[in-house]
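Here's the structure we're looking at; comments come further down.
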Amino acid sequence: MLEELYEFAKHPEYQIDANKSSIYRWGRLVQLLFISLALSVLLLTIAGVVQQIFDLDMGKHAVEDLFAQYSPMTIFFLAVIVAPILEELVFRAPLVYFKNKTSFPKIFYAFTILFGLVHISNFEWSTQVIYFAPLLVAPQICAGFILGFIRIKFGLLWSIILHGLYNLILLAPVLIVTILKIDIK
Numbered sequence: 674m675l676e677e678l679y680e681f682a683k684h685p686e687y688q689i690d691a692n693k694s695s696i697y698r699w700g701r702l703v704q705l706l707f708i709s710l711a712l713s714v715l716l717l718t719i720a721g722v723v724q725q726i727f728d729l730d731m732g733k734h735a736v737e738d739l740f741a742q743y744s745p746m747t748i749f750f751l752a753v754i755v756a757p758i759l760e761e762l763v764f765r766a767p768l769v770y771f772k773n774k775t776s777f778p779k780i781f782y783a784f785t786i787l788f789g790l791v792h793i794s795n796f797e798w799s800t801q802v803i804y805f806a807p808l809l810v811a812p813q814i815c816a817g818f819i820l821g822f823i824r825i826k827f828g829l830l831w832s833i834i835l836h837g838l839y840n841l842i843l844l845a846p847v848l849i850v851t852i853l854k855i856d857i858k
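See the structure below:
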């Protein structure tokens, strides 16, 4: 799977996977989910180390405001259902219109980077956030790449499912702590 992602990264091509087996597709989805989560953890760790070394303050993350304003069920619905559907419709659905274009690789990467950059809005605006934006949104850029890959190979529904599962796994610990009212301070 990693080799296939590497080859795709070198030259993205709109080529649908001919294997329609549900077992095959679910297996690939799980592999891609683990790869995207592993990359995110790695990149978040690097970002955390950089923040510590340079004593950076990135301000409050938007997730903090969400938990202050909405119930856990509302947050679950927004993050696991609504956001994946809307973001996949905006950032991955249009790829089909460029599938036969020689510019497809550029278009693919433009959508991937835009997807990541949109997530800079999760941070409070500051000079530090702007300077470190590439590092701060690197996990979303990597996830966007993998979401684009599965969208091309299996279709839009699969990228929505992967996106929802990705958000669920990242959000689950915070939801559990909030629902169970566990004091972690």
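Per the working numbering, the sequence shown starts with residue 674, numbered consecutively.
From the three backbone atoms N, C-alpha and C, an ideal C-beta is built for every residue, glycine too.
Reference residue i, options the options, closest by Cα
i	options	result
S744	D856, R765 and I852	I852
G821	L844, Y804, F781 and I834	F781
Y679	W831, C815 and L848	C815
I819	N692, Y697, L702 and K693	L702
L716	L830, Q813, G828 and L841	Q813
G732	S832, W798 and F749	W798
A845	P767, K772, M746 and A720	M746
Run of the alpha helix (DSSP H) containing residue i, from where it starts to where it stops
i	result
Q700	The sequence given here has Gly at residue 700, not Gln. Taken as a continuous stretch (DSSP letters only), the alpha helix (DSSP H) holding G700 covers S695 to I726.
A806	A806 to L809
F764	A756 to F764
N692	Per DSSP, N692 belongs to no alpha helix (DSSP H) and is neither H nor E.
T775	From DSSP, T775 is part of no alpha helix (DSSP H); its letter is neither H nor E.
W831	L829 to I852
E797	Taken as a continuous stretch (DSSP letters only), E797 belongs to no alpha helix (DSSP H), as it is neither H nor E.
D738	A735 to Q742
Nearest-angstrom Cβ-Cβ length linking residue i and residue j, presumed shorter than 8 Å
i	j	result
H836	E761	6 Å
K854	D690	No, K854 and D690 are not in contact; Cβ-Cβ is about 45 Å, not under 8 Å.
G789	V769	At roughly 21 Å, the Cβ-Cβ gap does not stay under 8 Å, so G789 and V769 are not in contact.
G828	F764	At roughly 15 Å, the Cβ-Cβ gap does not stay under 8 Å, so G828 and F764 are not in contact.
Y839	S709	6 Å
Residue i classed as buried or exposed, judged by whether at least 16 other C-beta atoms fall within 10 angstroms
i	result
T800	exposed
I726	exposed
P685	buried
F707	exposed
I823	buried
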